[in-house]
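Visitor: What follows is a structure written as structure tokens; I'll ask about it next.
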Amino acid sequence: MESLRDLVIFITNIFNNIIVLYFFLANGSYTVLMLISFAHVWLYQMKVGYAGLQEVRESPVTPPVSVIVPAFNEEASIILTVESLLRMDYPATEIIVVDDGSTDQTLTKLVEHFQLIRMDLICRPRLPCTPPSAFYHNPHLPALTVVSKPNGGKPDALNVGINVSRSPYFCTIDADCVLEKDSLLRLMYPVIQSPTNTVISAGIVRILNGCVVKDGQVTEIRLPERAIEKFQIVEYLRSFLFGRTGWNMLQATFIASGAFCIFHKETAVEAGGFGHDTVTEDIDVVANVHRLMRAKKRKYRTSFTTDPVCWTICPHTRELLGKQRRRWQLGLIQTVMKHNDMLFNYKFGTLGMLSLPFQTFIEGFGCLVEFGGYILIPLSFLLGLTPLDLFLLFVLLAFVYGTFLSVGGVLLEEITFRRYPKMMDLLRLLAYAAFENFGYRQMIVLYRVQGFVQYLRGEKTWELVRHTVRTGTEEPAA
75 MESLRDLVIF ITNIFNNIIV LYFFLANGSY TVLMLISFAH VWLYQMKVGY
125 AGLQEVRESP VTPPVSVIVP AFNEEASIIL TVESLLRMDY PATEIIVVDD
175 GSTDQTLTKL VEHFQLIRMD LICRPRLPCT PPSAFYHNPH LPALTVVSKP
225 NGGKPDALNV GINVSRSPYF CTIDADCVLE KDSLLRLMYP VIQSPTNTVI
275 SAGIVRILNG CVVKDGQVTE IRLPERAIEK FQIVEYLRSF LFGRTGWNML
325 QATFIASGAF CIFHKETAVE AGGFGHDTVT EDIDVVANVH RLMRAKKRKY
375 RTSFTTDPVC WTICPHTREL LGKQRRRWQL GLIQTVMKHN DMLFNYKFGT
425 LGMLSLPFQT FIEGFGCLVE FGGYILIPLS FLLGLTPLDL FLLFVLLAFV
475 YGTFLSVGGV LLEEITFRRY PKMMDLLRLL AYAAFENFGY RQMIVLYRVQ
525 GFVQYLRGEK TWELVRHTVR TGTEEPAA
């Protein structure tokens with residue numbers, strides 16, 4: 075019996091050490107990204123502050139941009155999204171809303187609200203897609219075109235939008251998002267300033283829930299009512315301001331949110347457009363673009379900008395949040411496995427050597443280790459199989475240091491952008507950042523594990539997340 079207990083203790087210690095090592099690597103990576111992000115945001119603000127956006131607005135070389143909005147059953151938010159796009163401050167845009175066979179009133183609301191007329195337009199199929207069934211236009215709103223098509227999925231709708239578009243760049247926008255007026259100017263600023271071809275320019279996404287929206291613009295920033303929504307604000311700040319900013323500085327962008335992202339059209343078309351073999355087509359197309367440019371040995375860069383804000387509606391119930399996070403995890407695993415030949419491949423530079431290993435082992439498979447740690451280490455400690463010092467180290471890494479990173483994300487936002495001007499809102503966010511690692515994070519890890527299980531089962535489709543608009547919205551006038 076004594077030898078059996080020794081064997082159990084030995085095996086338990088191996089697993090415990092693996093778990094602690096994971097938290098060391100994960101928190102160490104986030105810390106490095108945080109420090110890089112602090113430097114980048116500071117320098118970027120100084121640069122844009124001196125240069126301003128006037129030169130982008132007035133420059134003769136500022137290229138037109140096509141804004142593509144795929145929509146499926148988005149009757150609750152589609153009018154707000156299009157209103158915000160029509161009010162954008164940008165020299166030349168065309169807005170293409172692709173109704174992907176909605177079964178609700180999405181198309182009807184668009185036609186009635188914007189007084190659209192059905193007409194015949196040409197769509198050259200450069201990318202394979204379901205042929206459009208109808209086009210709608212209003213001569214008094216020349217920037218807006220609505221395309222109706224049979225349901226084929228979000229990637230198919232995006233490919234239809236690309237085929238219809240006429241600009242050298244296109245911007246993808248989710249149908250439940252609201253853009254700030256100068257967002258597109260700010261997103262194109264690094265594209266115009268760079269001497270190297272910028273093939274992807276991504277922007278930050280923030281939580282719209284609770285904010286006041288009037289005539290397609292956020293007029294007052296407020297915190298939402300529910301705790302689950304406030305936790306997501308903290309999570310988004312940490313994810314975008316730390317993770318994506320840091321990887322951008324290292325020129326190792328692997329994830330660019332399709333909710334608000336600009337692509338160089340010819341490059342995206344050459345890379346095959348948006349595919350159907352993952353449930354996160356935005357991550358997959360970024361990987362395909364990297365693969366294309368490296369194979370062709372072309373000089374290129376990607377960009378992530380922290381201040382062009384896209385406001386999106388986040389899940390306000392645990393059920394909706396679970397659906398969203400399972401899809402994100404399923405899509406991430408699908409994508410990293412699809413492109414696993416890039417892993418630790420020096421030909422892909424920092425993307426292959428740093429970013430993809432991080433996304434694979436920390437963000438992808440790491441949820442299994444983290445979930446096991448929350449169960450195994452406390453249980454083994456209670457059974458006397460784990461020493462006190464190892465248990466305290468786990469608590470320090472998993473809870474205390476995680477809280478430090480979450481608080482750091484909120485403070486970085488406050489130091490740089492101050493989107494939440496009320497002191498009470500800032501204090502609330504800091505409080506939620508402090509408590510995020512005590513319950514909410516563990517719930518998210520559980521959803522991620524469920525997404526991993528979906529991958530093992532071979533599931534290919536994603537659970538539909540249907541939001542109810544939870545803002546202080548005032549309906550825009552027709």
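First residue of the sequence shown: 75, per our numbering; consecutive thereafter.
Glycine included, C-beta positions come from ideal geometry on N, C-alpha and C.
Can SER140 and SER222 be called in contact, C-beta distance under 8 angstroms?
Guide: Their beta carbons are not under 8 angstroms apart, which means SER140 does not touch SER222 by this criterion.
Visitor: For the segment 260-273 against the segment 171-180, are there 3 or more C-beta pairs whose distance is under 8 angstroms?
Guide: Segments in contact, no.
Visitor: Just tell me which of ASP80, SER133, GLU186 has its CA closest to the CA of GLN267.
Guide: Checked all of ASP80, SER133, GLU186; the closest Cα to GLN267 is SER133.
Visitor: Of all the options VAL135, ASN212, ASP248, LEU190, which has the alpha carbon lying nearest to the alpha carbon of LEU259?
Guide: Checked all of VAL135, ASN212, ASP248, LEU190; the closest Cα to LEU259 is VAL135.
Visitor: Leaving out five residues before and five after PHE316 in sequence, what residues of the same chain have Cβ atoms less than 7 angstroms from its Cβ?
Guide: Taken in chain order, the residues that qualify are TYR104, LEU107, MET108, SER111, GLY483.
Visitor: Compare the Cα-Cα distances from LEU127 to each of ARG399, ASP358, PRO137, MET262 and report the closest residue.
Guide: When only C-alpha atoms are compared, the closest one is MET262.
Visitor: Could you tell me the distance, in whole angstroms, from the CA atom of ASN147 to the CA atom of LEU154?
Guide: Approximately 14 angstroms between the Cα atoms of the pair.
Visitor: From the DSSP output, in three-state form, read off LEU297 for me.
Guide: Correct three-state label for LEU297: coil.
Visitor: Counting Cβ pairs, one atom from each stretch, are 3 or more of them under 8 angstroms apart for the segment 459-471 and the segment 490-510?
Guide: At 8 angstroms Cβ cutoff, the stretches do not touch.
Visitor: Could you tell me which of ASP230, SER331, PRO242 sits nearest to HIS338, measuring between CA atoms?
Guide: Measuring from the Cα of HIS338, the nearest candidate turns out to be PRO242.
Visitor: Buried or exposed: which applies to HIS214, given that a residue is buried once 16 or more other Cβ atoms fall within 10 Å of its Cβ?
Guide: By the 10 Å Cβ count, HIS214 comes out exposed.
Visitor: Give the secondary structure of GLN291 by DSSP, where H, G and I count as helix, E and B as strand, and everything else as coil.
Guide: Of the three classes helix, strand and coil, the one that applies to GLN291 here is strand, per DSSP.
Visitor: Please classify LYS223: does DSSP put it in a helix, a strand, or coil?
Guide: DSSP places LYS223 in strand when its eight states are reduced to three.
Visitor: Using the Cβ count rule (16 or more neighbours within 10 Å means buried), how would you classify PHE98?
Guide: Exposed is the call here.
Visitor: How is the alpha helix (DSSP H) around HIS364 delimited, first residue to last?
Guide: 355-369 is the extent of the alpha helix (DSSP H) around HIS364.
Visitor: So, are the CB atoms of LYS255 and ARG401 less than 8 angstroms apart?
Guide: No. Outside cutoff.
Visitor: Which first and last residues belong to the alpha helix (DSSP H) in which GLU510 is found?
Guide: Taken as a continuous stretch (DSSP letters only), GLU510 belongs to no alpha helix (DSSP H), as it is neither H nor E.
Visitor: Secondary structure at HIS211, three-state DSSP: helix, strand or coil?
Guide: Reduced to three states, the DSSP call for HIS211 is strand.
Visitor: If we count the other Cβ atoms within 10 Å of its Cβ and call it buried at 16 or more, is LEU457 buried or exposed?
Guide: Exposed, by the Cβ-count rule.
Visitor: Should ILE169 be labelled buried (16 or more other beta-carbon atoms within 10 Å of its own) or exposed?
Guide: The residue is buried, with at least 16 neighbouring Cβ atoms inside 10 Å.
Visitor: Would ALA443 and TYR210 be called neighbours here (beta carbons separated by less than 8 angstroms)?
Guide: Note that residue 443 is Val in the sequence shown, not Ala. Their beta carbons are not under 8 angstroms apart, which means VAL443 does not touch TYR210 by this criterion.
Visitor: Starting from ASN192, trace the beta strand (DSSP E) in both directions and tell me its first and last residue.
Guide: For the record, residue 192 in the displayed sequence is Arg; it is not Asn. Note, ARG192: beta strand (DSSP E), 191-193.
Visitor: Quick one: complete beta strand (DSSP E) runs, 3+ long, within the segment 78-131?
Guide: List check, beta strand (DSSP E) in window: nothing returned.
Visitor: Any idea if LEU159 is buried or exposed, counting beta-carbon neighbours within 10 angstroms, 16 or more meaning buried?
Guide: With 16 or more Cβ atoms within 10 Å of its Cβ, LEU159 is classed as buried.
Visitor: How would you label ARG280, buried or exposed, when you count the other beta carbons within 10 angstroms and need 16 or more for buried?
Guide: It counts as buried.
Visitor: Please say whether CYS251 and CYS335 have beta carbons closer to each other than 8 angstroms?
Guide: It is not a contact, given that the beta carbons lie outside the stated cut-off.
Visitor: Exposed or buried, which one is THR460 when buried takes at least 16 other CB atoms within 10 Å?
Guide: That one is buried.
Visitor: Using only the alpha-carbon positions, how far apart do ASN362 and GLY346 sit?
Guide: Approximately 8 angstroms, taken between the alpha carbons.
Visitor: On the three-state DSSP scale, how would you describe PRO144?
Guide: PRO144 falls in the strand class under three-state DSSP.
Visitor: What residues match up with THR33 in a beta bridge as DSSP calls it?
Guide: No information on residue 33 is available, as it lies outside the stretch 75 to 552 that the chain covers here.
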